[in-house]
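Residues 19 to 366 in this note's numbering are what the sequence shown spells out, letter by letter.
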Amino acid sequence: MIMTASKRDDSPTTKHLVVNFTKRDLILYALGIGCCSEDNKGEELRFVYERHPSFQMFPTFLLAMYFAAESKSKGHSGIRPFPPESMSLSRNESGIIPTMFLKNADDVQELKHLPILHMSQSLVFHNEILPLNTNTDGDDHPVTIDLQTRILSIRPRSVGTFVTTETTYYQEESCIATAQMTALVFGLSPEKVVSWQGSDKIVPTNTNLTTKNIATKKTMHEFNIPPNAALLYRLSGDYNPIHVEGTDGDNHDPILHGLCTMGYAARAILQHMKRFSKRDMRMTEIRCNFVKPVFIGDAIRVEVCCVNDGIDDHVSVCFCVYRSSSGEKLVDKGYATLLQSKTAASRL
Numbered sequence: 019m020i021m022t023a024s025k026r027d028d029s030p031t032t033k034h035l036v037v038n039f040t041k042r043d044l045i046l047y048a049l050g051i052g053c054c055s056e057d058n059k060g061e062e063l064r065f066v067y068e069r070h071p072s073f074q075m076f077p078t079f080l081l082a083m084y085f086a087a088e089s090k091s092k093g094h095s096g097i098r099p100f101p102p103e104s105m106s107l108s109r110n111e112s113g114i115i116p117t118m119f120l121k122n123a124d125d126v127q128e129l130k131h132l133p134i135l136h137m138s139q140s141l142v143f144h145n146e147i148l149p150l151n152t153n154t155d156g157d158d159h160p161v162t163i164d165l166q167t168r169i170l171s172i173r174p175r176s177v178g179t180f181v182t183t184e185t186t187y188y189q190e191e192s193c194i195a196t197a198q199m200t201a202l203v204f205g206l207s208p209e210k211v212v213s214w215q216g217s218d219k220i221v222p223t224n225t226n227l228t229t230k231n232i233a234t235k236k237t238m239h240e241f242n243i244p245p246n247a248a249l250l251y252r253l254s255g256d257y258n259p260i261h262v263e264g265t266d267g268d269n270h271d272p273i274l275h276g277l278c279t280m281g282y283a284a285r286a287i288l289q290h291m292k293r294f295s296k297r298d299m300r301m302t303e304i305r306c307n308f309v310k311p312v313f314i315g316d317a318i319r320v321e322v323c324c325v326n327d328g329i330d331d332h333v334s335v336c337f338c339v340y341r342s343s344s345g346e347k348l349v350d351k352g353y354a355t356l357l358q359s360k361t362a363a364s365r366l
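#1: Work out the CA separation of F119 and A214 for me, nearest whole Å.
#2: At what residue ranges does the stretch 117–162 contain a whole run of the beta strand (DSSP E), taking only runs of 3 or more?
#3: Around the Cβ of N307, are there at least 16 other Cβ atoms within 10 angstroms (buried) or fewer (exposed)?
#4: Am I right that A195 and L141 are in contact with their C-beta atoms under 8 Å? What's the rounded C-beta distance?
#5: Buried or exposed: which applies to D164, given that a residue is buried once 16 or more other Cβ atoms fall within 10 Å of its Cβ?
#6: Decide if A123 is buried, meaning its Cβ has at least 16 other Cβ atoms within 10 Å, or exposed.
#7: Taking 8 Å as the threshold, find out whether the stretch 70–77 comes into contact with the stretch 38–56 through three or more Cβ pairs.
#8: Find the nearest neighbour of G50 within the set K33, K310, G113, R252, judged by alpha-carbon distance.
#9: If I follow the unbroken alpha helix (DSSP H) through Y187, where does it start and stop?
#10: With DSSP as the reference, label T279 as helix, strand or coil.
#11: Could you check which residue in T183, I243, S295 has the C-alpha nearest to that of V320?
#12: What residue range is occupied by the uninterrupted alpha helix (DSSP H) comprising M83?
#13: Count the other CB atoms within 10 Å of the CB of I97; is the residue buried (16 or more) or exposed (fewer)?
#14: Can you tell me the Cα-Cα spacing of R109 and S207, whole angstroms?
#15: Per DSSP, which one or two residues make a beta bridge with F100?
#16: Could you tell me the alpha carbon to alpha carbon distance between G178 and V203, rounded to whole angstroms?
#17: Please look up how many angstroms separate the CB atoms of G352 and C336, rounded, as I've assumed it's under 8 Å.
#18: Can you tell which of K235, D350, M280, L250 has the C-alpha that lies nearest to the C-alpha of V333?
#19: Below 8 Å on the Cβ atoms is my guess for V322 versus I287; work out the distance and round it to an integer in Å.
#20: In whole angstroms, what is the alpha-carbon distance linking L170 and S106?
#21: Buried or exposed, going by whether 16 or more other CB atoms sit within 10 Å of the CB of G345?
#22: Is E62 close to chain D, meaning its C-beta is less than 7 Å from at least one C-beta of that chain?
#23: Does DSSP put V262 in a helix, a strand or coil?
#24: What three-state label does DSSP hand Q289 in the structure shown?
#25: Suppose you measure from the CA of L63 to the CA of G281; what does that come to, to the nearest Å?
#26: Between the C-alpha atoms of Q358 and M238, what's the straight-line distance to the nearest angstrom?
#27: Using only alpha-carbon positions, find the residue among M301, T302, R293, K310 that is nearest to G276.
#28: Helix or strand or just coil, what does DSSP make of T229?
#29: Return the chain-ordered list of same chain residues with a C-beta closer than 8 Å to the C-beta of T32, the five sequence neighbours on each side being excluded.
#30: So which of S55, E103, H144, M137 has the shortest CA-CA distance to R300?
#31: For S254, does the three-state DSSP call read helix, strand or coil?
#32: Measure the beta-carbon distance from T185 to Y67 and round it to whole angstroms, keeping in mind my assumption that it falls under 8 Å.
#33: Is the separation between the beta-carbon of F6 and that of D256 shorter than 7 Å?
#34: Buried or exposed: where does R69 fall if 16 or more other Cβ atoms within 10 Å of its Cβ makes it buried?
#35: Leaving out the 5 sequence neighbours to the left and right, which residues in its chain are closer than 8 Å to G264 when beta-carbon positions are compared?
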């Protein structure tokens, strides 16, 4: 599915942010999702070593930049508070839900202390990032990306309130990608929230395709989540304390970031494509639902199946993630598309 690139707008919930990243940030992100943890000389070296002849950005890297983006006037660096500015979508307030959608403005204090859980995510590329940083002076010059973030819907439910947001990424006025995220403010009573649905379309993640009903070109990929996984991944921008401290009453180890799990799944997809195709493929879309948490120390199994087989240089796959020890499904409705590259990979 290809989404139409969103136009810049100035609706009440829209924020315009900016983020700068360097090769160091690309490498730190790739290491955070486990690249080269099994083989430090294989295909994944291109994501973690700046002198590799095909050094490039890992496909899901832009999703992490959502958490690091800030207003141009701030220009902060280092550890940032959580929720980040990108999740505080109204201009003059903090919090994932603006006060205008709370029935009582005093409830904003309760909102600040409730856990926020990542429920679903999509990312669609519209254009490749321009090949920057081709200089040979040895300096790691930053790349600048502009972000436009806005609320698409607010849905109060008995378990809490679901908030769907859209983030559009721009580079030099060119729209390069669009992402949609649904988060759950766990425990926020529906009696305290005003339900709202915008006019823009939300990307569906309820595809009927599953790895169990497709037998064509199926692969299974095992990953062990190391004890320091969340501690390393959080340095890419998501400083939600539940990934270190866990949740109240939680008898498990801390929860791994949903986007980190998605990164592991994207690694499995690229490994799958390398096994079945000799062509240079680039990811153009990925989306999934987070069903149950991945805990630090878990072993996970990613199942990947081809949906089509290179029709018009285009490959679609579906994927799911399971806990190896119990078989529990952790990530569902996973879907990705890849396109044969017509040009060399972007060098950053």
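Where is the CB? At the ideal position from N, CA and C, for every residue including glycine.
Answer, in terms of the structure:
#1: Residue 214 sits at position 196 when you count from the first residue of the sequence shown. Residue 119 sits at position 101 when you count from the first residue of the sequence shown. Looking at the sequence itself, residue 214 is Trp, so the reference to Ala does not match. Between W214 and F119, the C-alpha separation is close to 8 Å.
#2: 134–143
#3: Looking up residue 307 in the sequence shown gives position 289. Classification of N307: buried, given that the 10 Å Cβ count is 16 or more.
#4: Stepping through the sequence shown from its first residue, residue 195 is reached at position 177. Stepping through the sequence shown from its first residue, residue 141 is reached at position 123. That belief holds up - the Cβ atoms of A195 and L141 are roughly 6 Å apart, short of 8 Å.
#5: If you number the sequence shown from 1, residue 164 lands on position 146. Taking all protein chains in view, the Cβ of D164 is crowded by 16 or more other Cβ atoms within 10 Å, so the residue is classified as buried.
#6: In the sequence shown, counting from the first residue as 1, residue 123 sits at position 105. The residue is exposed, with fewer than 16 neighbouring Cβ atoms inside 10 Å.
#7: yes
#8: Position 32 of the sequence shown holds residue 50. Of the candidates K33, K310, G113, R252, the one whose C-alpha sits nearest the C-alpha of G50 is R252.
#9: Here residue 187 corresponds to residue number 169 of the sequence shown, with the count starting at 1. Where Y187 is concerned, there is no enclosing alpha helix (DSSP H), although the beta strand (DSSP E) it sits in stretches over 178–189.
#10: Numbered from 1 along the sequence shown, position 261 holds the residue referred to as residue 279. Helix, per DSSP.
#11: Taking the sequence shown and counting its residues from 1, one reaches residue 320 at position 302. With distances taken between Cα atoms, V320 lies closest to I243.
#12: Stepping through the sequence shown from its first residue, residue 83 is reached at position 65. Its alpha helix (DSSP H) spans residues 79–86.
#13: By 1-based counting over the sequence shown, the position of residue 97 is 79. Label assigned to I97: exposed.
#14: Along the sequence shown, read from residue 1 onward, the residue named residue 109 stands at position 91. Along the sequence shown, read from residue 1 onward, the residue named residue 207 stands at position 189. Reliability fails at R109, whose pLDDT of 49 lies under 50, so the model's placement of it is uncertain and the value that follows must be treated cautiously. Going by the C-alpha atoms only, they are around 24 Å apart.
#15: Counting from 1 along the sequence shown, the entry for residue 100 is found at position 82. In DSSP, F100 forms no bridge with anything.
#16: Here residue 178 refers to the residue found at position 160 of the sequence shown. Here residue 203 refers to the residue found at position 185 of the sequence shown. In a straight line, the C-alpha of G178 is about 6 Å away from that of V203.
#17: Translated into positions along the sequence shown, residue 352 becomes position 334. Translated into positions along the sequence shown, residue 336 becomes position 318. In this structure, G352 and C336 form a Cβ contact; the two beta carbons are roughly 6 Å apart against a cut-off of 8 Å.
#18: Position 315 of the sequence shown, counting from 1, holds the residue named residue 333. Out of K235, D350, M280, L250, K235 has the C-alpha closest to the C-alpha of V333.
#19: Against the sequence shown, residue 322 aligns to sequence position 304. Against the sequence shown, residue 287 aligns to sequence position 269. Contact flag correct, Cβ pair sits at about 6 Å.
#20: For the purposes of this step, residue 170 is taken as residue 152 along the sequence shown, with counting starting at 1. For the purposes of this step, residue 106 is taken as residue 88 along the sequence shown, with counting starting at 1. Whole-angstrom Cα-Cα distance: 14 Å.
#21: Residue numbering aside, residue 345 sits at position 327 when the sequence shown is read from its first letter. With fewer than 16 other Cβ atoms within 10 Å, it is exposed.
#22: Protein chain content of the structure displayed is limited to a single chain, and chain D is not contained in it.
#23: In the sequence shown, the residue the question calls residue 262 occupies position 244. Here V262 carries a helix assignment [DSSP, helix/strand/coil].
#24: Working through the sequence shown from its first residue, we reach residue 289 at position 271. In the structure shown, Q289 sits in a helix (DSSP, three-state: H, G or I).
#25: As a first step, residue 63 is located in the sequence shown; it is residue number 45 there, counting from the start. As a first step, residue 281 is located in the sequence shown; it is residue number 263 there, counting from the start. Answer to the nearest angstrom: the Cα atoms are 15 Å apart.
#26: Here residue 358 corresponds to residue number 340 of the sequence shown, with the count starting at 1. Here residue 238 corresponds to residue number 220 of the sequence shown, with the count starting at 1. Cα-Cα distance, rounded: 23 Å.
#27: Position 258 of the sequence shown, counting from 1, holds the residue named residue 276. That would be K310, whose Cα lies nearest to the Cα of G276.
#28: As a position in the sequence shown, residue 229 is number 211, starting the count at 1. Confidence is the limiting factor: at T229 the pLDDT is only 48, short of 50, which leaves the residue's position unreliable and the question unanswerable from this model.
#29: Indexing the sequence shown from 1 puts residue 32 at position 14. Closer than 8 Å at Cβ, skipping near neighbours: L107, Q166, T167, R168.
#30: One-based indexing of the sequence shown puts residue 300 at position 282. Of the candidates S55, E103, H144, M137, the one whose C-alpha sits nearest the C-alpha of R300 is H144.
#31: Here residue 254 refers to the residue found at position 236 of the sequence shown. Note: S254 maps to helix in three-state DSSP.
#32: Within the sequence shown, the letter at position 167 stands for residue 185. Within the sequence shown, the letter at position 49 stands for residue 67. Not quite, the Cβ-Cβ distance comes to about 29 Å (not below 8 Å), so this is no contact.
#33: Absent from the model: residue 6. The displayed extent of the chain is 19 to 366, so no value can be given.
#34: For this step, residue 69 is matched to residue 51 along the sequence shown. An exposed status is given to R69, since fewer than 16 other beta-carbon atoms sit within 10 Å of its beta-carbon.
#35: Position 246 of the sequence shown, counting from 1, holds the residue named residue 264. So the qualifying residues of the chain are H270, D271, P272, I273.
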